[in-house]
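If you count by my numbering, then the sequence shown holds residues 562 to 839, one letter each, in order.
Notes for the one structure printed next.
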Amino acid sequence: MSMKTLRFLFALFLIFTAFSVVPARAGIAVSPMTVMISGHQRYADVTVINTGDSVETYEMAWRHMRMQEKTGNYDNVETSPDGDFDLAAHLVFSPRRVTLAPHAAQKIRMALRLDGAVPPSGDYRAHFLLQQTSLPDSAADDDGNEIKDNKVSVRILVGFSVPVVYRVGDGRAKAVIGDVATRINPDTHAIELTVPVTREEGPYGIQGTLGVTYESPDGSRRYIGGLNNANIFREIRERDFTLPLKVKALSGGKLHIVYADANDEKTIYAEKWIPVGK
562 MSMKTLRFLF
572 ALFLIFTAFS
582 VVPARAGIAV
592 SPMTVMISGH
602 QRYADVTVIN
612 TGDSVETYEM
622 AWRHMRMQEK
632 TGNYDNVETS
642 PDGDFDLAAH
652 LVFSPRRVTL
662 APHAAQKIRM
672 ALRLDGAVPP
682 SGDYRAHFLL
692 QQTSLPDSAA
702 DDDGNEIKDN
712 KVSVRILVGF
722 SVPVVYRVGD
732 GRAKAVIGDV
742 ATRINPDTHA
752 IELTVPVTRE
762 EGPYGIQGTL
772 GVTYESPDGS
782 RRYIGGLNNA
792 NIFREIRERD
802 FTLPLKVKAL
812 SGGKLHIVYA
822 DANDEKTIYA
832 EKWIPVGK
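Okay, here's the thing in structure tokens:
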């Protein structure tokens, strides 16, 4: 089997197995990671950044996803997980397709359009999908020569999914931090915390952040770990979060774990103090 054929088969394998929400290093970054529309607000912006070294084209569309209990992973679903109100049917955006030079950015404007009464109090969500549209027309071999016959290079079609939430009402939610566990990651050898959080029953989810502060026996404090996008959407109540800590060892003192609102750090949903053994 020739090297060209091997490259072609390997590229096809990557294409069919690798589509998912991917990190920014794969060629796309999005800000913000979660969009909230609430109150009298009717507009929101998402900025798309091409972090790669080649010109890329992206198309945008809506997708419904249901968050899994405990893991926080997503399942694709056909209809909204939030009941009869389909947020995707009430949101428009422009442009719908963008072509970006390397390291260029494009702002996408979203608008909420209600054609009837405001839905009952609660959170309503759809996922804004950005999808790379095609592979390059040519590839190069190890010597930099263009491969014209197969017209496929070893590169992954990437996509990114941004949760968009429309909040009706005051958005009050409560949560409780459960029994926290520690472990040593076998690959990175870093200390990790597993933090289970339970959201109280209600129509509102939580867009949260987790932060961990270490207080030493002498009373000094330092921030040693955190997690953004620690979300618990309304279709689930429990989620386990894993936080790597920025320390190699701990002895004595205590940990202060805070679960706060992602948009207002003064709003604390839950907190817990954990003693550290010597």
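Ideal placement from N, C-alpha and C gives every residue a C-beta, glycine not left out.
Legend entry - Distance between residue 751 and residue 774 (C-alpha atoms, nearest Å): Approximately 16 Å, taken between the alpha carbons.
Legend entry - Cβ shell of residue 670 (< 7 Å), same chain only, five flanking positions each side left out: Same-chain partners within the cutoff: 604, 606, 654, 655.
Legend entry - Rounded straight-line distance, which links the Cα of residue 816 to that of residue 790: In this structure, the CA atom of residue 790 is about 21 Å from the CA atom of residue 816.
Inset, instruction - Assess, as a yes-or-no matter, whether the segment 741-751 is touched by the segment 628-642 under the definition of 3 or more beta carbon pairs within less than 8 Å. - result: At 8 Å Cβ cutoff, the stretches do not touch.
Inset, instruction - State buried or exposed for residue 727, treating a residue as buried only when at least 16 other CB atoms are found within 10 Å of its CB. - result: Classification of residue 727: buried, given that the 10 Å Cβ count is 16 or more.
Inset, instruction - Within its chain, find whatever has a CB closer than 6 Å to the CB of residue 622; leave out the 5 residues flanking it on each side and keep chain order. - result: Once the five neighbours on either side are set aside, the close Cβ partners of residue 622 are 690.
Legend entry - Close-in-space but distant-in-sequence residues of the same chain around residue 838 (CB under 6 Å, 5 per side omitted): Cβ within range, chain order: n/a, list empty.
Legend entry - Residue span of the beta strand (DSSP E) that contains residue 796, given as start and end: Membership of residue 796 in any beta strand (DSSP E) is not indicated, and neither H nor E is assigned to it by DSSP.
Legend entry - Proximal residues to residue 672 (C-beta, below 8 Å), its chain only, five neighbours per side dropped: Taken in chain order, the residues that qualify are 603, 604, 652, 653, 654.
Legend entry - Local conformation of residue 831 per DSSP, three classes: The answer is strand: DSSP assigns residue 831 an E or B state.
Inset, instruction - Specify whether the segment 731-738 and the segment 799-816 touch according to this definition: at least 3 beta carbon pairs, one from each stretch, less than 8 Å apart. - result: Short answer: they don't touch.
Legend entry - residue 646 versus residue 627: straight-line alpha-carbon distance, rounded: Distance between the alpha carbons of residue 646 and residue 627: 15 Å.
Inset, instruction - Please report the residue range of the beta strand (DSSP E) in which residue 625 lies. - result: For residue 625, the enclosing beta strand (DSSP E) covers residues 617-628.
Legend entry - Distance between residue 682 and residue 827 (C-alpha atoms, nearest Å): Distance from the CA atom of residue 827 to the CA atom of residue 682, rounded to whole angstroms, is 23 Å.
Legend entry - Buried or exposed by the 16-neighbour rule on C-beta atoms within 10 Å, applied to residue 641: Its Cβ being crowded by 16 or more others within 10 Å, residue 641 is buried.
Legend entry - C-alpha gap between residue 668 and residue 811, whole angstroms: In a straight line, the C-alpha of residue 668 is about 44 Å away from that of residue 811.
Inset, instruction - Have a look at 784, 762, 768, 596 and flag the residue whose alpha-carbon is nearest the alpha-carbon of residue 648. - result: The option with the nearest alpha carbon to residue 648 is 596.
Legend entry - Residue environment, residue 675, which counts as buried when at least 16 other CB atoms sit within 10 Å: Exposed is the label assigned to residue 675, since fewer than 16 other Cβ atoms lie within 10 Å of its Cβ.
Legend entry - Per-residue DSSP class, three states only, for residue 836: Residue 836 falls in the strand class under three-state DSSP.
Inset, instruction - Starting from residue 692, trace the beta strand (DSSP E) both ways and give me its first and last residue. - result: Taken as a continuous stretch (DSSP letters only), the beta strand (DSSP E) holding residue 692 covers 683-693.
Legend entry - Any beta strand (DSSP E) of 3 or more consecutive residues that is wholly inside the segment 647-680: The segment 647-680 contains these whole beta strand (DSSP E) runs: 652-655, 658-661, 666-673.
Inset, instruction - Work out the CA separation of residue 619 and residue 665 for me, nearest whole Å. - result: If you take the alpha carbons of residue 665 and residue 619, they lie about 13 Å apart.
Legend entry - residue 854 in three-state terms, based on DSSP: Residue 854 lies beyond the residue range present for the chain, which begins at 562 and ends at 839; the question has no answer from this structure.
Legend entry - Member of 729, 608, 722, 663 whose CA lies at the smallest distance from the CA of residue 678: Of the listed residues, the one whose Cα sits closest to residue 678 is 729.
Legend entry - Exposure of residue 783, with buried meaning 16 or more beta-carbon neighbours within 10 Å: Exposed.
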